[in-house]
Amino acid sequence: MVNQTIPLGAAANFEATSSQRVLVFGGLALIATGMLFGDIFAVFVLHQNGGQTGHALLSASRAAAAGNAPAVKEIFGQIGGLLEDRGTKVDTHVHMTDVGYLAILLALVQPYVALSPRRKRVLAWCFVIAGALLPAGIFLIHYVGLAYSFSAVIGWASVLADSAGALLIVVLTVEAWALWKRLRAKISTSNAELSVGPSREQRLLLSGGTVLILLGFLHGAWYAGFDLYRHEASETRILNSVLDSTAHGPDGSAAAVADYGSLAAEKAVQIAAHSHIIEFGLLAVLLSFVQPFVHLSQVWKRRWIAVLLAGSVILPVFVLLELKLGLVAGGIADFGGLMVIVALSAMLAGVLRYSGSVDPQPGIYP
Amino acid sequence: MSTERKILVLGGLLLAGFGMLYGLHYALFIEHQTLDGMGAALTQAFVHAAEHDVLQGHASIDSYARLKYTYVRQVDVHSHWIGLAMLLIGLGVVFNQVSFGPQVRLWLAIALLTGAIVFPLGVLLQTAMKGPVPSALAVIGSAVITTALLIIAWGFARQQTE
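Chains as they are written, first to last, in the numbering used here: chain A, 7 to 372; chain B, 60 to 221.
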């Protein structure tokens with residue numbers, strides 16, 4: 007049975023043309039797309055890119071051992087391209103999901119924003135469009151490069167990304183100003199807030215999300231305290247040993263390059279685990295706010311919440327285990343990410359059903 | 060809206076805007092140049108090795124390490140400011156469900172906002188200042204946030220059992 011309980015005032019704020027609907031749909035779509043992009047990147051690009059970078063570093067050390075400086079420069083040009091490829095894809099994933107989170111947060115404060123519905127809607131569309139253009143621009147940086155650029159360092163794709171980022175800042179500033187205006191005026195917003203009432207589903211997501219964020223903070227503190235400086239010192243030491251080993255002939259640096267690859271993998275899994283567990287915690291907290299708009303039965307709501315929280319734990323835990331268990335753990339981690347995406351898509355479908363249930367039907371008048 | 064929720068929601072929005080502004084400034088004026096510098100330093104190190112000048116090679120590696128130290132922290136500051144800002148806004152929406160008195164909730168909100176500003180600021184200062192002060196700020200800021208979050212989680216749990 008579908009849960010028909012609609013929070014007081016919520017339907018009024020979720021009408022077809024409302025800014026809240028634009029932000030909730032836009033936000034959920036950005037998060038789901040950003041996560042799907044991240045999963046595809048993890049499966050098809052990440053490991054291959056790491057392997058190619060290690061291979062190129064080994065080739066560079068061999069070229070250095072052979073005294074071939076032009077080849078060294080050429081290979082480092084390739085390494086730069088590989089790192090840019092990887093970096094821009096990670097940034098695309100992170101920026102798309104984070105703008106999605108911000109969109110949902112903005113949806114929550116819409117009842118407090120002292121602007122006309124039309125202006126709120128325009129701002130909401132600007133935010134969602136800029137939120138899609140920012141990661142699109144970042145993604146294109148690697149492919150567009152400096153073609154036809156007016157600058158020696160910044161290409162047109164960067165200009166697109168930076169312009170979209172500037173638009174996001176403008177929208178956020180106007181929203182903060184309008185929010186401040188409303189709060190100073192002390193106008194009542196009762197019956198106009200998104201419901202964060204004490205339903206069991208909301209509490210499950212809220213407490214689960216808070217625990218995930220806390221675990222992520224503790225892991226981050228541990229990493230910063232015990233691993234960050236050790237990793238930085240190790241990187242310098244290993245790179246120096248790669249240089250030293252070039253004096254022992256073309257094959258002298260293989261072991262040092264392998265050490266460098268291991269260190270890069272160790273850093274990557276620690277950072278990925280830290281950022282993902284916090285992001286998933288935040289996602290769970292945000293999804294607790296939109297539960298009143300998820301038009302699914304309670305049983306299915308709870309099932310999707312369980313899938314989401316399980317995936318949120320599986321991904322970071324198995325990312326950390328990747329160093330010990332290898333690609334099997336990587337595959338399980340990717341599956342955990344897929345669980346989160348599927349649960350999120352199911353909730354998005356529930357919100358679509360909700361919006362359909364509150365929209366006026368053609369030919370039916372009140 | 061209560062004072063503590065105003066602190067969290069407005070503070071979060073402003074911090075998110077500031078974090079984005081910092082990110083935009085960084086992307087326009089610093090990031091590309093820093094990445095180019097890192098790439099050039101690493102390439103130069105191996106070119107020196109190819110020319111059998113290992114000492115200069117080590118100097119270039121040191122230069123690369125310094126640039127990377129700064130780069131990692133500058134990127135971390137951008138992501139942490141915005142991430143913490145989102146956490147503040149999200150918590151601001153449900154802060155009335157934290158089962159403590161208004162005074163405790165107010166202090167928790169102030170602690171969260173202060174920690175969210177100070178922790179990334181300490182990390183950023185590590186790139187500009189030497190000595191223990193920046194690291195101390197980062198450690199204290201993160202400890203304040205973590206402790207406040209622990210208490211808030213307890214507040215949510217108390218609400219659930221009551």
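Each residue gets a CB set at the ideal place from its N, CA and C atoms; glycine is no exception.
Q. Between the Cα of V136 of chain B and the Cα atoms of B:R64, B:R164, B:L184 and B:I204, which residue gives the shortest distance?
A. B:L184
Q. Just the Cα atoms here: how many angstroms apart are F154 of chain B and V248 of chain A?
A. 53 angstroms
**Q.** Own chain, CB closer than 6 angstroms to G267 of chain A, minus 5 neighbours either side, in chain order
**A.** G60
Q: Can you grab the Cα-Cα spacing for the pair L42 of chain A / V28 of chain A, in whole Å?
A: 21 angstroms
**Q.** Among A:T216, A:G342 and A:G226, nearest to A316 of chain A - alpha-carbon criterion
**A.** A:G342
Q: Spell out whether any CB of chain B is found under 9 angstroms from the CB atom of V217 of chain A.
A: yes
**Q.** Distance between L288 of chain A and A207 of chain B (C-alpha atoms, nearest Å)
**A.** 16 angstroms
Q. When we look at the beta-carbon of F88 of chain B and count the other beta-carbons within 10 Å, is it buried (16 or more) or exposed?
A. exposed
Q. Roughly how far, in whole angstroms, is the beta-carbon of T142 of chain B from the beta-carbon of L67 of chain B, given that I think they are within contact range, below 8 angstroms?
A. The question names Thr, yet the displayed sequence has Gly at residue 142 of chain B. Between L67 of chain B and G142 of chain B the Cβ distance is about 15 angstroms, and since that is not below 8 angstroms, they are no contact.
Q: Given a cut-off of 9 angstroms, decide if A167 of chain A and A75 of chain B are closer than it, judged by their beta-carbon atoms.
A: no
Q.
Once the 5 residues before and after F299 of chain A are set aside, which same chain residues still bring their CB inside 6 angstroms of it?
A. V357 and Y360
(Q) Short of 7 angstroms Cβ to Cβ, which residues in the region 159 to 189 of chain B face chain A? (A) none
Q: Determine the extent of the alpha helix (DSSP H) in which Q179 of chain B is found, giving its start and end residues.
A: Note that residue 179 of chain B is Pro in the sequence shown, not Gln. Segment P161 to L184, the alpha helix (DSSP H) holding P179 of chain B.
Q: Would you mind telling me which residues of chain A sit closer than 8 angstroms to D112 of chain B, beta carbon to beta carbon, in chain order?
A: Per Cβ cutoff of 8 angstroms: no residues; D112 of chain B is ~10 angstroms from chain A at best.
(Q) By the three-class DSSP mapping on this structure, what secondary structure does D104 of chain A have? (A) helix
Q) What number of angstroms, rounded off, separates the C-alpha of L273 of chain A from the C-alpha of H237 of chain A? A) Checking the displayed sequence, the identity of residue 273 of chain A turns out to be Lys instead of Leu. Cα to Cα, K273 of chain A sits roughly 7 angstroms from H237 of chain A.
Q. Where does K126 of chain A fall in DSSP's three states?
A. helix
Q: Would you mind reading off the limits of the alpha helix (DSSP H) that contains A182 of chain A?
A: W162 to A191
**Q.** Proximal residues of chain A, C-beta to C-beta of V106 of chain B below 7 angstroms
**A.** A75, V78 and K79
Q. Going along the chain, which residues of its own chain have a beta-carbon closer than 6 angstroms to the beta-carbon of G116 of chain B, five neighbours each way excluded?
A. A104, H107 and A108
Q) Where G70 of chain B and L293 of chain A are concerned, what is the direct C-alpha to C-alpha distance, given to the nearest angstrom? A) 22 angstroms
Q: State the Cα-Cα distance for the pair F31 of chain A and W166 of chain B, rounded to the nearest angstrom.
A: 35 angstroms
Q.
Assuming the contact rule is C-beta atoms closer than 8 angstroms, S205 of chain A and Q297 of chain A should be a hit. Round their C-beta distance to whole Å, please.
A. 6 angstroms
Q: Determine whether the Cβ of L200 of chain A lies closer than 9 angstroms to any Cβ atom of chain B.
A: Because the pLDDT at L200 of chain A is just 48, under 50, the model does not fix this residue reliably, and the point stays unresolved.
**Q.** C-alpha gap between S122 of chain B and H99 of chain A, whole angstroms
**A.** 30 angstroms
Q.
Would A138 of chain A and M102 of chain A be called neighbours here (beta carbons separated by less than 9 angstroms)?
A. yes
Q. To the nearest angstrom, how far is it from the Cα of S213 of chain A to the Cα of Q84 of chain A?
A. 46 angstroms
**Q.** First and last residue of the uninterrupted alpha helix (DSSP H) at K230 of chain B
**A.** Residue 230 of chain B falls outside the range modelled here, since chain B spans only 60 to 221, and no answer is possible.
Q | Residue from B:R132, B:L101 and B:G190 with nearest C-alpha to V78 of chain A | A | B:L101
**Q.** Any C-beta of chain A under 9 angstroms from that of Q133 of chain B
**A.** no
Q) If we cut at 9 angstroms on Cβ distances, does T179 of chain A have a partner in chain B? A) yes
Q: With a 10 Å radius around its C-beta and 16 neighbouring C-beta atoms as the bar for buried, classify N197 of chain A as buried or exposed.
A: Confidence at N197 of chain A is low in this model, with a pLDDT of 44, below 50, so the placement of that residue should be treated as unreliable; the coordinate-derived value is given next. It is exposed - the Cβ of N197 of chain A has fewer than 16 other Cβ atoms within 10 Å.
Q: Starting from the beta carbon of T129 of chain B, find every residue of chain A whose beta carbon is closer than 9 angstroms, and list them in chain order.
A: Those do not exist, as T129 of chain B stays about 11 angstroms from chain A at its closest Cβ, beyond 9 angstroms.
Q.
So the candidates are A:V134, A:L112 and A:G151; which of them puts its Cα closest to the Cα of G86 of chain A?
A. A:G151
Q: With DSSP as the reference, label L200 of chain A as helix, strand or coil.
A: Caution is warranted here: a pLDDT of 48 is assigned to L200 of chain A, below 50, making its placement in the model unreliable, and the coordinate value is therefore given only provisionally. Reduced to three states, the DSSP call for L200 of chain A is coil.
(Q) Is E207 of chain A near the ligand SAH - that is, is its Cβ less than 8 angstroms away from at least one heavy atom of it? (A) Among the components modelled here there is no ligand, and therefore nothing to report on the ligand SAH.
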